[in-house]
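Taking it in order: structure first as C-alpha cells, then the write-up.
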Ligand code: PMP
Ligand code: GLU
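In this note's numbering, the protein residues as written are 10 to 433.
In C-alpha cells, the structure reads:
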C-alpha cells in the first residue's frame with residue numbers, strides 16, 4: 010500500500026487557477042503590518058468606513074430575535090422584493106419582481122453562479138462560448154468564466170478614452186459564440202465610468218448584435234454605483250427597454266454601505282429568461298452555500314430603505330470625491346506618472362510605464378508594473394496592485410485604492426514620490 014502523499018495532485022482546474030492578486034496583495038500588506046512593519050496599504054478594494062449603525066442594529070435585533078435558521082436559498086421574499094423595488098425605483102429597470110432577484114454570499118459569488126448558469130464546456134467539435142470583456146477589468150471575471158468552460162474575448166481600452174470601449178469595438182467583438190458581455194461602471198480598476206449616452210450607444214450595438222449572437226446576455230456590475238463624483242450620473246443599462254430582458258444587473262452591499270465583511274451580493278434580471286436564470290442560480294446555490302447568513306436580511310432592507318443610511322452613504326461619497334481630488338493633485342507631482350481623472354469607485358489607475366528600465370535606490374531593476382510594486386512594497390513600504398492581471402494594456406499601470414484617510418494618502422504619495430525620484 011503506498012503511503013507517501015508525494016504524488017497526490019489537485020484537480021487541473023484548481024492547480025491552473027491563478028490566485029486573485031487583489032486579495033493576495035491585500036492579505037500581504039495586512040500581514041506585513043501585523044508583523045510590525047509600517048506599511049501603507051493602498052491595495053484594498055474596500056471602504057475604510059465602518060458599516061452605518063442602523064444596518065448593524067437591524068442585524069443584531071434579528072439575531073436576538075432568533076432569526077438563526079436556514080432561509081429560502083435565494084433569500085426571503087420580503088428582502089428579494091425590497092431589492093426588486095430598489096432596482097425598479099432607483100435604477101429604472103422594468104419588469105422586476107422578487108422572483109427575478111437572487112441573493113448570494115457577495116457579488117463575487119453571485120457572479121460565479123450567474124456565469125455557471127450561462128456557460129458550458131464545449132462538446133466535442135464545438136467552439137467554446139465567449140465572454141466579451143472590456144479591459145482593464147477586475148481580476149475575477151476572467152478566471153470565473155474560464156472555470157465555467159468559457160473563453161474570454163477582450164476588448165482593449167486605454168487611458169485615451171478613459172478606459173471606455175467604443176461601439177465600433179463592441180460591434181467587431183460580437184459573433185455567434187458570444188454568450189456574455191461584461192460591463193462594469195464605475196470601473197474597478199480604472200476609476201472611470203460610462204455616461205448615459207455611452208451606454209445608450211452600446212445598447213444599440215447590443216440590440217443589433219442579437220441577430221448575429223442569439224444567446225448574448227449582458228452582465229452589468231454596478232457595485233460602485235453609489236460612489237460617483239464626476240460630471241456623469243450613474244446609469245443602469247438594464248433600464249433600456251429594448252435590451253432589458255437581456256441584462257443581468259449585479260450589485261451588492263460591500264462598497265456602498267461599507268459591508269465587505271458581511272458578504273452580501275445580489276443579481277436581478279427581468280423577463281421569463283430572467284426568472285429561469287435566477288431559478289438556475291438558486292439550484293446551484295442550493296448545492297453550494299444555501300442561503301446567506303439569516304440575520305442579514307433585515308440589515309439589507311435597512312440599508313436599502315432607511316434615509317439615515319442614505320445620508321451616511323452620501324457623506325462617504327463626498328469623502329471619496331475629496332480624496333480623488335487630493336490623490337490626483339499629489340500624483341501630478343510625480344515625474345513619469347500620468348493618470349486619467351477618476352470619476353467613480355475609489356481607484357486611480359496611473360500609467361507608470363515611463364519608469365520601466367530604471368533602477369531603484371536599493372538596486373532593484375524595474376521592468377514591469379509587478380516589479381515596480383514589489384520594489385515599492387519592500388523598499389518604500391507602500392502597497393499598490395500591479396496592473397498585469399487586469400488585462401489589456403493594464404501592464405503599464407498600477408492600481409491605487411484611495412479608500413483610506415487623507416493623511417494616509419499624503420504619506421503614501423510622499424513615499425511614492427521619493428521612491429520615483431530615487432530611480433536612476
Ligand atoms: N465587482 C467588482 C467590480 C468588485 O470590485 C468587487 C469587489 N470585490 C466585486 C464585484 C465583488 O464584491 P463582493 O464580493 O464583496 O460583493
Ligand atoms: N474587489 C476588491 C478589489 O478589487 C476586493 C478584493 C477582490 O474581491 O478582488 O480589491
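The C-beta atom is built at its ideal place from N, Cα and C for all residues, glycine as well. Keep in mind that this is a model prediction, so the values were computed, not measured.
- Spatial neighbours of residue 379 in its own chain (CB-CB distance under 8 Å, excluding positions within 5 residues in sequence) are listed in chain order as 395, 397.
- For residue 274, the enclosing beta strand (DSSP E) covers residues 274 to 277.
- Here the alpha carbons of residue 403 and residue 145 stand approximately 6 Å from one another.
- For residue 410, there is no enclosing alpha helix (DSSP H); the enclosing beta strand (DSSP E) has its first and last residue at 407 to 410.
- Taking a cut-off of 6 Å from the heavy atoms of ligand 1, the residues with a C-beta inside it are 54, 115, 116, 117, 147, 193, 197, 230, 232, 261, 263, 269, 274.
- A Cβ-Cβ separation of about 5 Å places residue 187 in contact with residue 139 under the 8 Å criterion.
- Annotation: residue 172 to residue 166 spans about 5 Å, alpha carbon to alpha carbon.
- The Cβ-Cβ distance between residue 329 and residue 408 does not fall below 9 Å.
- Counting along the chain, residue 164 sits inside no alpha helix (DSSP H); it lies in the beta strand (DSSP E) bounded by residues 160 to 165.
- DSSP, reduced to helix, strand and coil, places residue 139 within a strand of the structure shown.
- Residue 255 counts as buried, since at least 16 other C-beta atoms from the protein chains shown sit within 10 angstroms of its C-beta.
- Annotated three-state conformation of residue 97 is helix, per DSSP.
- Its Cα nearest to that of residue 425, the residue 383 stands out among 399, 401, 400, 383.
- Restricted to the region 336 to 399, the alpha helix (DSSP H) segments that are unbroken, complete and at least 4 residues in length are 378 to 384, listed in chain order.
- Nearest neighbour of residue 311 by Cα position, chosen from 17, 66, 24, 59, turns out to be 66.
- Between the beta-carbon of residue 264 and that of residue 233 there is about 6 Å, and that keeps the pair under the 8 Å contact cut.
- Counting only the Cα atoms, residue 53 lies some 11 Å from residue 30.
- For residue 188, the secondary structure class from DSSP, reduced to helix, strand or coil, is strand.
- Distance from the CA atom of residue 98 to the CA atom of residue 92, rounded to whole angstroms, is 10 Å.
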